[in-house]
Amino acid sequence: MPDQRPRRIVVGITGATGAVYGVRLLERLGAVPGVETHLVVSDAASLTLHQEVGMQRREVEALAHVVHKHREIGASIASGSFQTDGMVIAPCSMKTLAAVAHGLADNLVARAADVILKERRRLVLMVRETPLNLAHLRNMTAVTEMGGIIFPPLPSFYHRPASIEEMVDHTLDRVLDLLDIENAAAPRWSGMRST
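In terms of our numbering, the sequence shown opens at residue 42 and continues consecutively.
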C-alpha cells in the first residue's frame, strides 16, 4: 500500500498585531507527526514579527516545512489541484480579510485562501482589529457565507491562565480542533460547578 501524503496545513502570517499566534501555531504544528506546514509571510508581517516577537523573517520561516514567497502566485498552494487540508491566517489583517472576502487574489496569502474556499476546505481567519467598522463586519459576514471561519484570537479566562503563553496556547488549542488535529493536551470544558 502506498504511503499516504502528509496532512498539509497552509499558514499565512500578515501584518496585523498578534504575530505570536502565527509563530506559535507553526511551532505547535511542527510537533505533530504527519503534518506538513506551508508558510507565507507578508511584507508587513516581517515588520510585525520583529516588533512583537523579536524574530527575523528567516527565523520564522525555519519553523515551516515549506516556505512560499508572498508574491509567488505560481506556488503549489495557489492551485486547487495541490491537495491541502486547511489554512489558517494568523493573524489576519483587515486588508487580507477584505481581499479574501472580495476574491482579490493579488498575493499568495489571498490566493491560497481563495483556493481553500473554492475547494471547500477549512479556512480559519484569526482577524485582528478593534473597534470594528461596518466594512470589517460585512467582510467577515461574506467570508462566513463562503464557508470560512472568523476566529478573532480573543483570550478566555475560565481556565485561569497564568501567562500570555497560556492564553495564546489555549486559543490555538481551539484552532487545532477546527483543523481536526489531535490535541490531547488541550483542556476540555466539563461544565461549571455551582456555588
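Just so it is clear, CB atoms sit at the ideal spot from N, CA and C, and this is done for glycine as well.
Please read all numbers here as calculations on a predicted model, not as lab measurements.
query, result
"Beta-carbon gap between H106 and Q97 smaller than 8 Å", "no"
"DSSP three-state assignment for R49, whether helix, strand or coil", "strand"
"Closest residue to A183 among S83, V209, D155 (Cα-Cα distance)", "D155"
"I54 vs A86 beta-carbon contact at 8 Å", "yes"
"Local Cβ density within 10 Å of A142, reported as buried at 16 or more and exposed below that", "buried"
"Residue environment, H200, which counts as buried when at least 16 other CB atoms sit within 10 Å", "exposed"
"Length at least 3, wholly inside the stretch 110-162: the beta strand (DSSP E) runs in chain order", "127-133"
"C-alpha gap between E207 and P194, whole angstroms", "13 Å"
"CB-CB length for I190 against L164, believed under 8 Å", "7 Å"
"Exposure of M233, with buried meaning 16 or more beta-carbon neighbours within 10 Å", "exposed"
"Integer Cβ distance of R162 from P132, believed to fall under 8 Å", "R162 to P132, Cβ: 20 Å. No contact."
"8 Å Cβ cutoff met for F192 and M167", "yes"
"Identified DSSP bridge partners for F79", "This sequence places His at residue 79; Phe is not what is there. According to DSSP, H79 bridges with V51, V107."
"Other residues of its chain near T137: CB distance less than 7 Å, five sequence neighbours each side excluded", "T55, I130, V150, A151"
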